[in-house]
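These notes are about the structure you will find just below.
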Ligand code: DON
């Protein structure tokens with residue numbers, strides 16, 4: 001398998017370099033708008049601990065919403081199942097930054113991966129902590145998961161989003177108006193922007209995802225039952241209003257970010273990270289999704305048999 005995996009990854013890297021339509025780089029966070037859409041990297045860590053990569057797998061990128069998986073794990077660690085009183089577990093069928101459902105559903109976000117839901121999980125991580133301490137706990141979790149201390153926050157990206165993040169401020173204030181935030185909206189947003197501005201390489205992200213693969217690789221940070229549930233949420237909600245199509249095409253739980261990153265878990269088999277900055281209509285990496293679709297098909301990895 002290792003040689004087949006390495007050959008497959010190499011072939012996918014070559015194929016992806018040839019694709020002309022690469023999507024649109026997110027520019028609503030100005031600092032992200034200048035990334036070259038031709039960049040592509042992919043890394044896989046297998047259940048046996050083997051690590052394989054292709055392309056720009058050692059280039060750092062802004063993980064953005066991929067961070068929501070890690071803050072969900074931390075929020076569940078802090079509040080346990082009480083978290084579900086404040087945020088739902090249903091796919092939203094709406095854009096990641098939509099405010100529509102929030103009004104209809106009285107300030108309780110549909111799931112922890114849309115922006116509104118992630119603001120609630122960030123608020124939970126802030127319980128009993130300053131923003132600096134909360135961000136410290138997020139970084140500590142990432143570094144422990146990846147077994148790599150060289151994971152940091154890009155302050156320029158955080159500042160860039162802080163200046164332009166009116167939609168997120170609106171979401172936070174609306175949630176607060178329904179008493180579903182325990183901390184001031186500005187403070188929650190500031191913490192959330194910094195968590196999204198963490199930069200990682202594909203190699204680091206694939207290693208950080210090992211705790212979700214339940215294969216005994218890497219440190220065990222979360223119980224097996226909770227891992228199953230986080231994977232279920234990644235499968236149903238991880239790509240926003242593109243989650244159904246992702247499940248159909250890839251058949252594995254995944255979480256995307258507007259920096260073009262994508263973490264995908266083949267339970268019991270592999271943790272996969274891919275990065276290509278051009279996005280599709282739903283804000284998910286266009287080429288990254290195609291690459292994971294080809295990898296999953298070639299390796300026969302799917303939770304659907
Ligand atoms: O809140 C935002 O807009 C960004 N910090 C993160 C959004 C994101 O990554 C959505 N994913 N595709």
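Residue numbers (my numbering): 1 to 305. Glycine is no exception: its CB is placed at the ideal position from the N, C-alpha and C atoms. Nothing here was measured: the structure is a model prediction, and the numbers come from that model.
Please go through the same chain and pick out, in chain order, the residues whose beta-carbon is closer than 7 Å to the beta-carbon of residue i, but skip the five residues on each side of it.
i, result
"residue 212", "227, 230, 231, 265 and 271"
"residue 58", "201 and 203"
"residue 209", "263, 265, 271 and 273"
From residue i to residue j, what distance separates their C-alpha atoms?
i, j, result
"residue 139", "residue 152", "7 Å"
"residue 187", "residue 173", "11 Å"
"residue 214", "residue 6", "22 Å"
"residue 137", "residue 304", "35 Å"
"residue 133", "residue 126", "8 Å"
"residue 293", "residue 260", "15 Å"
"residue 52", "residue 66", "21 Å"
"residue 119", "residue 283", "18 Å"
"residue 253", "residue 236", "8 Å"
"residue 76", "residue 220", "15 Å"
"residue 286", "residue 248", "15 Å"
"residue 60", "residue 288", "15 Å"
Taking C-alpha atoms, which residue in the options lies nearest to residue i?
i, options, result
"residue 23", "13, 10, 12 and 40", "40"
"residue 46", "295, 287, 280 and 268", "268"
"residue 62", "35, 103, 291 and 289", "35"
"residue 245", "86, 15, 91 and 19", "91"
"residue 144", "171, 217 and 277", "217"
"residue 81", "225, 183 and 98", "225"
"residue 9", "44, 32 and 21", "44"
Using a 10 Å radius around the Cβ and a threshold of 16 neighbouring Cβ atoms, would you call residue i buried or exposed?
i, result
"residue 121", "buried"
"residue 194", "buried"
"residue 146", "buried"
"residue 135", "buried"
"residue 102", "buried"
"residue 84", "exposed"
"residue 149", "exposed"
"residue 277", "buried"
"residue 17", "exposed"
Kindly list the residues whose CB is nearer than 6 Å to the CB of residue i, restricted to its own chain and excluding five residues on each side of it in sequence; keep chain order.
i, result
"residue 29", "160 and 161"
"residue 64", "196, 257, 258 and 259"
"residue 117", "87, 109 and 111"
"residue 280", "23 and 286"
For residue i, which residues in the same chain have their Cβ closer than 8 Å to its Cβ, ignoring the five residues on either side in sequence?
i, result
"residue 198", "62, 63, 67, 138, 139, 142, 151, 152, 153 and 154"
Going by the C-beta, is residue i closer than 6 Å to any heavy atom of the ligand NAP?
i, result
"residue 98", "The ligand NAP is not part of this structure, which contains only the ligand DON."
Query - Complete runs of the beta strand (DSSP E) confined to the segment 126-210 [at least 3 residues] - result: 198-200
Requested in this report: Counting only runs of 4+ residues fully inside the segment 20-92, write out the alpha helix (DSSP H) ranges in chain order.
Outcome: 67-79
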